[in-house]
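Protein chains in written order, with the working numbering: chain A, 30 to 249; chain B, 30 to 249; chain C, 2 to 226; chain D, 2 to 226.
Quick reminder that beta carbons are idealized off the backbone N, C-alpha and C, glycines included.
From a predicted model like this one, the values you see are computed outputs, not experimental measurements.
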Amino acid sequence: MKKIVSAKEAVKKIKDGATVMIGGFLSCGVPDKLIDALVEQNTKNLTMICNDTSYPDADKGKLIVNKQIKKLITTHIGTNPETGRQMNDGEIDVELTPMGTLVERIRAKGAGLGGVLAPTGVGTIVENGKKTMEVDGKKYIFEKPIGADFALIYGTKVDRFGNVSFYGTTRNMNTVMATAADTVIVQADEIVDEIDPNEVVIPGIFIDCIVEREKDLETV
Amino acid sequence: MKKIVSAKEAVKKIKDGATVMIGGFLSCGVPDKLIDALVEQNTKNLTMICNDTSYPDADKGKLIVNKQIKKLITTHIGTNPETGRQMNDGEIDVELTPMGTLVERIRAKGAGLGGVLAPTGVGTIVENGKKTMEVDGKKYIFEKPIGADFALIYGTKVDRFGNVSFYGTTRNMNTVMATAADTVIVQADEIVDEIDPNEVVIPGIFIDCIVEREKDLETV
Amino acid sequence: MELTLLSKEKTREIIARRAAKEFKSGDVVTLGIGLPTAVANYIPEDQHVIFQSENGLLGIGKNTTGDNMDKRIINAGGICVEAKKGACFYDAATALSMMRGGHIDATVLGALQVDEEGSIASWMIPNKFVPGMGGAMDLVIGSKRVIVAMEHTNKGEVKIVKKCTLPLTAYREVDLIITERCVFDVTPDGLVLTEINPMFSMDDIKESVSADFIISDNLKYMDID
Amino acid sequence: MELTLLSKEKTREIIARRAAKEFKSGDVVTLGIGLPTAVANYIPEDQHVIFQSENGLLGIGKNTTGDNMDKRIINAGGICVEAKKGACFYDAATALSMMRGGHIDATVLGALQVDEEGSIASWMIPNKFVPGMGGAMDLVIGSKRVIVAMEHTNKGEVKIVKKCTLPLTAYREVDLIITERCVFDVTPDGLVLTEINPMFSMDDIKESVSADFIISDNLKYMDID
């Protein structure tokens with residue numbers, strides 16, 4: 030049985046300077062209440078690993094606007110002009126990476142691999158500073174695993190064993206991030222007694238604690 | 030819409046000397062009717078990539094007993110004494126590989142990666158003849174992608190778009206194999222009109238044609 | 002010199018309609034954000050083309066509105082869409098494996114520059130416009146066919162160049178370039194002009210393209226109705 | 002000299018019961034085929050230990066029989082089992098990621114040989130017995146804790162050796178060795194004998210182990226009832 034806690038309680042262990050992965054594609058499948066609690070807590074100098082920085086007034090975007098992020102590893106910042114401004118003004122260190130490469134790096138960490146060879150970005154600036162290798166006459170970039178101290182992820186339904194199922198396009202990077210952080214906190218739309226074992230997308234083994242969105246302990 | 034064909038028809042294109050991946054863990058989640066058709070067809074000199082060689086009188090095991098396999102890449106042959114006999118007598122070339130490494134090699138092929146670094150087998154004979162690399166002070170074995178001409182896989186329910194869902198422990202290597210072969214044939218327990226898009230495990234994009242087990246066109 | 006014979010709307014329509022002809026039934030296609038998204042509007046009703054997106058949907062249908070909107074089902078542009086019959090949802094690892102692994106038949110995307118070797122720049126103008134590459138690099142390297150669908154020039158600035166000066170999205174991966182004025186095949190011999198919009202002269206094309214190109218023996222007029 | 006004080010059944014019971022003490026509630030554990038499988042029988046009812054297997058099941062329950070048997074739900078030994086409440090099914094990529102990626106708290110497996118450095122050989126005797134490694138190499142390299150649970154000797158042949166002579170399953174990954182005669186901790190200083198079956202003398206142990214070992218200051222008797 031996994032601990033069920035409030036969003037506020039869940040993010041308490043995240044200290045200044047921590048590395049945090051956050052699931053979500055734009056504002057879809059994103060643990061918004063966990064992010065709100067992290068904004069409220071005002072933890073600074075975070076390294077954030079995420080698909081995108083959403084919009085300035087939404088979820089991941091709020092952490093940017095509130096200047097809590099020192100380093101950002103992401104694939105797209107086009108929907109949040111404040112990220113671009115902070116980058117251009119040298120306030121935030123942004124590492125832009127191809128989406129597939131970021132996903133594979135996170136997955137490699139969770140799967141205990143020492144890295145993968147990606148074809149993506151060969152012949153572009155993505156190659157800069159990275160080792161390349163030729164395999165059967167084709168050039169690849171060696172990409173190292175990446176993990177985090179915390180992963181904040183979203184789940185549509187989560188059972189008390191930590192098993193997670195999803196509805197719609199909400200899975201995105203939540204699945205790989207669940208495997209690659211020391212502490213994994215899932216925000217559930219709903220905590221249920223049981224999920225059909227055939228419909229579980231993230232096995233409970235990867236989850237540390239659960240926050241229920243609508244019935245958050247602090248807000249009820 | 031994917032083609033629905035008989036098992037006999039589905040395996041017709043598999044010619045002597047082809048490389049074939051076959052899903053299943055022992056006799057669970059295995060495309061038994063496709064294998065029966067391949068035994069019936071008596072195609073020889075095959076390279077077979079599979080988790081195990083099952084039992085002598087069952088599914089994958091029949092291909093061994095019928096001496097259709099020239100080369101075998103697998104993780105475990107202990108349940109089929111005939112495989113061991115053929116290996117010891119030099120009748121079959123057997124490459125034994127750790128299960129996780131085989132899965133990752135197949136996945137790498139399907140995912141367009143040039144290979145992965147696996148920690149598994151470091152300091153053992155698995156390392157022999159392979160390149161090793163150190164990453165952050167830890168040694169890894171460089172494992173190359175592996176694909177096949179054909180993948181014969183199992184699905185519990187398959188819809189006409191090729192989407193596959195599973196029941197129980199039948200997924201095993203079927204999911205990765207679906208991504209890594211030129212032609213992917215799925216044997217369905219049942220062909221259904223539609224699968225809830227949230228419950229699809231293998232997206233239809235990876236499937237080429239479908240055989241329905243119980244209502245196989247040739248046996249009805 | 003900037004030619005302004007066509008409205009913005011008509012320009013986009015010509016490009017999208019032309020790009021839509023590149024598919025056949027059963028093809029799985031990924032459309033980039035912006036102009037390429039409009040390509041879906043010109044696929045014939047009876048042609049079963051399947052649209053895929055990197056946020057986890059195979060079988061993208063129409064945009065949803067009002068009560069049909071579900072914020073848990075979006076396309077890669079963040080717009081709520083319908084999941085068509087036969088659709089499925091999946092995670093980013095699966096989505097990007099589809100893309101990078103060669104399982105997508107064609108991708109249509111916009112560009113800032115394309116060059117005569119088929120290299121494409123689409124994700125940044127240093128210090129000015131840096132949205133990031135998202136899944137574009139994976140798509141371009143992995144798709145069986147890469148189609149650039151873009152306005153011919155950027156307010157008069159040449160976009161089809163000898164060699165891209167902006168940071169690349171991918172080196173030598175483009176197969177076809179479609180603009181409102183013409184169509185180029187990218188071949189091992191270089192760009193081949195295969196179609197021209199009858200509203201433009203060969204000189205118009207030559208003046209608005211800095212890449213070298215060959216004129217096809219079968220040069221045709223583009224359909225602009 | 003082979004000591005035959007214990008029946009095969011009693012031998013296995015002593016080992017399995019001792020191994021079962023290594024877990025705490027919430028642990029995720031993988032049990033090897035054969036003797037290690039019996040460990041599950043000695044876990045206290047109130048202790049929520051979760052059993053995982055590489056063929057795709059987290060939450061393995063009892064073997065099923067008769068009408069309850071479902072050939073689509075098996076354990077890694079091919080035996081039909083029950084999926085407990087809270088269980089889930091997954092594919093081989095996920096299963097092996099759990100194992101190799103350090104998500105399994107403990108694994109219990111048998112061995113042909115274990116040596117004083119904690120290396121283990123369990124998957125082949127060249128030209129004689131070559132079942133293959135299956136998921137064992139991934140498990141041993143990835144599990145947080147690796148427990149070897151095996152009969153003390155192979156019909157008198159020493160199994161706890163200075164250096165494994167058989168092909169390794171993993172180099173220096175074993176944490177604990179449990180036999181019917183004794184328990185060894187594998188430490189950076191070498192093997193430490195921590196428990197001894199009161200039916201055996203220290204000389205019995207020394208004669209049946211070719212590895213060097215240290216005797217713990219807190220040496221205890223094993224529970225053999």
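Residues bridged to residue i (per DSSP)
{"i": "C/Tyr222", "result": "C/Ile197"}
{"i": "A/Tyr169", "result": "A/Met162"}
{"i": "A/His105", "result": "A/Asp81"}
{"i": "A/Val40", "result": "According to DSSP, A/Val40 bridges with nothing at all."}
{"i": "C/Leu113", "result": "DSSP output for C/Leu113 lists no bridge partner at all."}
{"i": "D/Ala77", "result": "Answer is none; D/Ala77 lacks a bridge partner."}
{"i": "A/Met50", "result": "A/Ile78, A/Ala180"}
{"i": "C/Asp71", "result": "The partner list for C/Asp71 (beta bridge, DSSP) is empty, contrary to what the question assumes."}
Residue i vs residue j beta-carbon contact at 9 Å
{"i": "D/Ser120", "j": "D/Val159", "result": "no"}
{"i": "C/Phe24", "j": "C/Ala107", "result": "yes"}
{"i": "B/Thr212", "j": "B/Phe179", "result": "yes"}
{"i": "D/Thr180", "j": "D/Ser123", "result": "no"}
{"i": "A/Asp218", "j": "A/Glu243", "result": "yes"}
{"i": "B/Asn203", "j": "B/Gly176", "result": "no"}
{"i": "C/Val131", "j": "A/Leu55", "result": "no"}
{"i": "D/Met223", "j": "D/Arg13", "result": "no"}
{"i": "A/Pro174", "j": "A/Gly197", "result": "no"}
{"i": "A/Ile106", "j": "A/Leu75", "result": "no"}
{"i": "C/Asp92", "j": "A/Val230", "result": "yes"}
{"i": "B/Val94", "j": "B/Val205", "result": "no"}
{"i": "D/Leu220", "j": "D/Leu194", "result": "yes"}
{"i": "D/Leu32", "j": "D/Ile16", "result": "no"}
{"i": "B/Leu92", "j": "B/Val68", "result": "yes"}
{"i": "A/Cys238", "j": "A/Ile51", "result": "no"}
Buried/exposed call for residue i, threshold 16 Cβ in 10 Å
{"i": "C/Thr66", "result": "exposed"}
{"i": "D/Met125", "result": "buried"}
{"i": "B/Lys62", "result": "buried"}
{"i": "D/Glu46", "result": "exposed"}
{"i": "C/Met2", "result": "Residue confidence for C/Met2 is low, a pLDDT of 44 falling below 50, so the modelled location carries little weight and cannot support an answer."}
{"i": "C/Leu6", "result": "exposed"}
{"i": "B/Lys73", "result": "exposed"}
{"i": "A/Glu127", "result": "The sequence given here has Pro at residue 127 of chain A, not Glu. Buried, by the Cβ-count rule."}
{"i": "C/Ser26", "result": "exposed"}
Through-space distance from residue j to residue i, alpha-carbon basis
{"i": "D/Ile178", "j": "D/Lys145", "result": "15 Å"}
{"i": "C/Glu152", "j": "C/Ala212", "result": "16 Å"}
{"i": "A/Thr199", "j": "B/Met162", "result": "36 Å"}
{"i": "B/Asp81", "j": "D/His49", "result": "32 Å"}
{"i": "C/Thr188", "j": "C/Glu118", "result": "8 Å"}
{"i": "D/Ile34", "j": "D/Ile161", "result": "20 Å"}
{"i": "D/Ile51", "j": "A/Val215", "result": "20 Å"}
{"i": "A/Thr248", "j": "A/Ser35", "result": "For A/Thr248, the predicted structure reports a pLDDT of 47, less than 50, and the residue's modelled location is therefore unreliable. A value from the coordinates is still provided. If you take the alpha carbons of A/Thr248 and A/Ser35, they lie about 9 Å apart."}
{"i": "D/Ile142", "j": "D/Gly135", "result": "13 Å"}
{"i": "D/Gly62", "j": "B/Asp165", "result": "40 Å"}
{"i": "D/Val184", "j": "A/Ile220", "result": "43 Å"}
{"i": "A/Met30", "j": "D/Asn56", "result": "23 Å"}
{"i": "A/Gly141", "j": "B/Thr130", "result": "11 Å"}
{"i": "C/Leu58", "j": "B/Pro232", "result": "10 Å"}
{"i": "D/Val30", "j": "D/Leu167", "result": "26 Å"}
{"i": "C/Gly78", "j": "C/Lys9", "result": "21 Å"}
Residue i (DSSP reduced to helix, strand or coil)
{"i": "C/Phe52", "result": "strand"}
{"i": "A/Tyr183", "result": "strand"}
{"i": "B/Gln97", "result": "coil"}
{"i": "A/Glu156", "result": "helix"}
{"i": "A/Thr76", "result": "strand"}
{"i": "C/Thr166", "result": "coil"}
{"i": "B/Lys31", "result": "coil"}
{"i": "B/Phe235", "result": "helix"}
{"i": "C/Ala21", "result": "helix"}
Chain E contacts made by the segment 200-232 of chain B, where a contact means CB separation under 7 Å: Absent here is chain E; the protein component of the structure consists of chains A, B, C and D.
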